[in-house]
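Before any comments, here is the structure.
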Amino acid sequence: MKLKSDGHSMEYEAEQMVLLFFPNHDNITLKSSLSEKDGTTFVTTEATAHGETVTYTEKAETKAFSKRELGNLIKRSAYFALRPLSPLPAPWGILTGVRPAKLVRILMEEGNSEKEVRRILKETYLAYDDKIDLAVKVALEEGKHPRNPKDVCVYIGIPYCPTRCAYCSFISGTGATTKKEEYVRLLLLEIQRTGEIIKDLGLSLRSIYIGGGTPTSLEAPLLRTLHEGITKFLPVYSGMEFTTEAGRPDTITREKLQVLKAFGTNRISINPQTLHDETLKRIGRRHTSAQFLSAFALAREEGFTNVNTDLIAGLPGENFEMYRHSFDTVKSLAPESITVHTLYVKRASEIGQSGEDVSLYPQVSDMLAYTYREASAVGYRPYYMYRQKATVGNLENVGYALPGYDSFYNTVTMTDCANIFALGAGGVSRLLLPDKVERVFNFKHDDGYTREFAEVLRRKEEFYKIKA
Ligand code: SF4
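Numbering of the sequence shown is given in my numbering, commencing with residue 11 and proceeding in unit increments.
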């Protein structure tokens, strides 16, 4: 891609539009120029792809543009120049942010009615009606949780998985037993110190989320040790949201579920990703769809009444019909929430490196539209949503939940309405300070975490900034 700007320095905005229509960075040349004449500001974009050139000029009355307004002018100009050159639709229009619902909330906070927000998203941001509907619904759900700096969620990361999925770039290992034991031993010290800080600061613990990796890749006795520590050191109380990502069905046993249940876990995730065994094999997951179904049934037998299931739209080799089968099967089990991700390919992952063509955009778009329609028809509500760069077709990941079953922790990760103390390898804490959200990073890899554990503990002292 060759990109040139003239009269402005917002190349990033123009580049975002190129990636929208040409995700594989094809041979594109784009020139974006800003000029002003007689009280009118012009942004002209000249886009060339595969030997064809389109020029488009966007104009607006000259004024003191905000950064957002100027960025939108540049994006709209690039959008209209690029659109005729690409076969890909752009259902989110020029809305490229990671959290589309955040813009909706900002527009509402600026005094716009819901009707006005919908008009702005359609006319200024060029979003399709179903995406507008989705963003507005998610924003309304998010708005139910006002910001409270006295609330905290604790995230506990377990960086181990039975095998590495081909699309995953998360730093996880399979972990020898002794390594896992040492990891949990240190993690408990970090949990203990965090419990003391929560008490010192007088914070309310709203949620515990054990994620990963795959927390249930710990064997039952070690899982028990971890949970004994959690209940000893953190102010866990009955009815508090307590989630464990059981994740990989091949790690789930009755004994492990009983440990989780005994220590207050009331929400678990069991993630098939797809109900097609050939795809599961292809993406490096060791389990089968039958294993998912029996793990789900086992969870119900053990009394779990809040189960989330994750699916991925756009897995390599999967068409719309295959996705529909997976979604319909999951829906027939009536989990309390269903989270649908769009395949996210980072360079570090196996699929990203192999350069495999994952541009299944039109079908993936249909998969997401189907999900929205079918999930809504049986009472699921979209309550959290984010987009990641490099997703197939730049599409979204959405959490749907039946009323009363949305995850507070998931909402916090989108809206920063509470603090997050993130423990373990890969943890990124978020502190609600008066003027900003400050991040505190743990070491990414379990080796770094155990080797530099004194530093991990030292960084916990940063949590006291909340008090200032
Ligand atoms: S289970 Fe999740 S964290 Fe583990 S390898 Fe697969 S995608 Fe990555």
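No residue lacks a Cβ here, since even glycine has one placed at the ideal position from N, Cα and C.
For residue i, the three-state DSSP class (helix, strand or coil)
{"i": "residue 135", "result": "coil"}
{"i": "residue 404", "result": "helix"}
{"i": "residue 214", "result": "strand"}
{"i": "residue 392", "result": "strand"}
{"i": "residue 397", "result": "strand"}
{"i": "residue 448", "result": "strand"}
{"i": "residue 87", "result": "helix"}
{"i": "residue 351", "result": "strand"}
{"i": "residue 16", "result": "strand"}
{"i": "residue 477", "result": "helix"}
{"i": "residue 441", "result": "strand"}
{"i": "residue 263", "result": "coil"}
{"i": "residue 244", "result": "coil"}
{"i": "residue 330", "result": "helix"}
{"i": "residue 486", "result": "The first residue shown for the chain is 11 and the last is 478, placing residue 486 beyond what the model contains."}
{"i": "residue 157", "result": "coil"}
{"i": "residue 57", "result": "strand"}
{"i": "residue 127", "result": "helix"}
{"i": "residue 283", "result": "strand"}
{"i": "residue 170", "result": "strand"}
{"i": "residue 293", "result": "coil"}
{"i": "residue 316", "result": "coil"}
{"i": "residue 183", "result": "strand"}
{"i": "residue 223", "result": "coil"}
Straight-line gap, residue i to residue j (C-alpha atoms, nearest Å)
{"i": "residue 457", "j": "residue 375", "result": "40 Å"}
{"i": "residue 119", "j": "residue 156", "result": "13 Å"}
{"i": "residue 432", "j": "residue 469", "result": "11 Å"}
{"i": "residue 472", "j": "residue 414", "result": "34 Å"}
{"i": "residue 405", "j": "residue 98", "result": "12 Å"}
{"i": "residue 291", "j": "residue 262", "result": "18 Å"}
{"i": "residue 84", "j": "residue 394", "result": "29 Å"}
{"i": "residue 164", "j": "residue 211", "result": "14 Å"}
{"i": "residue 299", "j": "residue 335", "result": "12 Å"}
{"i": "residue 133", "j": "residue 205", "result": "49 Å"}
{"i": "residue 475", "j": "residue 437", "result": "18 Å"}
{"i": "residue 323", "j": "residue 333", "result": "7 Å"}
{"i": "residue 76", "j": "residue 341", "result": "45 Å"}
{"i": "residue 173", "j": "residue 442", "result": "36 Å"}
{"i": "residue 282", "j": "residue 198", "result": "30 Å"}
{"i": "residue 62", "j": "residue 21", "result": "21 Å"}
{"i": "residue 391", "j": "residue 153", "result": "14 Å"}
{"i": "residue 379", "j": "residue 65", "result": "32 Å"}
{"i": "residue 312", "j": "residue 265", "result": "10 Å"}
{"i": "residue 293", "j": "residue 80", "result": "42 Å"}
{"i": "residue 364", "j": "residue 228", "result": "Caution is warranted here: a pLDDT of 49 is assigned to residue 364, below 50, making its placement in the model unreliable, and the coordinate value is therefore given only provisionally. About 31 Å."}
{"i": "residue 451", "j": "residue 48", "result": "51 Å"}
{"i": "residue 260", "j": "residue 301", "result": "7 Å"}
{"i": "residue 224", "j": "residue 166", "result": "11 Å"}
{"i": "residue 148", "j": "residue 409", "result": "9 Å"}
{"i": "residue 284", "j": "residue 144", "result": "23 Å"}
{"i": "residue 331", "j": "residue 325", "result": "12 Å"}
{"i": "residue 68", "j": "residue 270", "result": "57 Å"}
{"i": "residue 250", "j": "residue 216", "result": "6 Å"}
{"i": "residue 320", "j": "residue 244", "result": "28 Å"}
{"i": "residue 218", "j": "residue 381", "result": "28 Å"}
{"i": "residue 439", "j": "residue 445", "result": "16 Å"}
{"i": "residue 45", "j": "residue 19", "result": "13 Å"}
{"i": "residue 171", "j": "residue 221", "result": "11 Å"}
{"i": "residue 161", "j": "residue 430", "result": "9 Å"}
{"i": "residue 248", "j": "residue 122", "result": "40 Å"}
Residues near residue i in its chain [Cβ-Cβ closer than 6 Å; skip 5 each side]
{"i": "residue 246", "result": "274"}
{"i": "residue 102", "result": "137 and 141"}
{"i": "residue 295", "result": "175"}
{"i": "residue 314", "result": "278"}
{"i": "residue 131", "result": "137 and 142"}
{"i": "residue 56", "result": "41 and 65"}
Same chain, Cβ closer than 7 Å to residue i, neighbours up to 5 away in sequence not counted
{"i": "residue 453", "result": "435, 459, 462 and 466"}
{"i": "residue 477", "result": "211"}
{"i": "residue 82", "result": "104 and 134"}
{"i": "residue 232", "result": "190, 191 and 194"}
{"i": "residue 358", "result": "Low per-residue confidence applies at residue 358: pLDDT is 45, beneath 50, and the placement is therefore not dependable, though the value from the model is reported in the following sentence. Here the set comprises 179."}
{"i": "residue 127", "result": "114, 117, 118 and 146"}
{"i": "residue 289", "result": "325, 327 and 328"}
{"i": "residue 339", "result": "285"}
Heavy atom of the ligand SAH within 7 Å of residue i beta-carbon
{"i": "residue 450", "result": "Among the ligands modelled here, namely the ligand SF4, the ligand SAH does not occur."}
For this session: Taking 8 Å as the threshold, find out whether the region 419 to 427 comes into contact with the region 126 to 139 through three or more Cβ pairs.
Result: no
Exercise. Do the region 102 to 112 and the region 45 to 65 meet, that is, are 3 or more Cβ pairs less than 8 Å apart?
Worked result: no
Exercise. Counting pairs of beta carbons, one from the region 30 to 48 and one from the region 78 to 96, are three or more of them closer than 8 Å?
Worked result: yes
Problem set entry | Residues with C-beta closer than 6 Å to any heavy atom of the ligand SF4, in chain order | 171, 174, 175, 178, 180, 182, 222, 223, 224, 257 and 258
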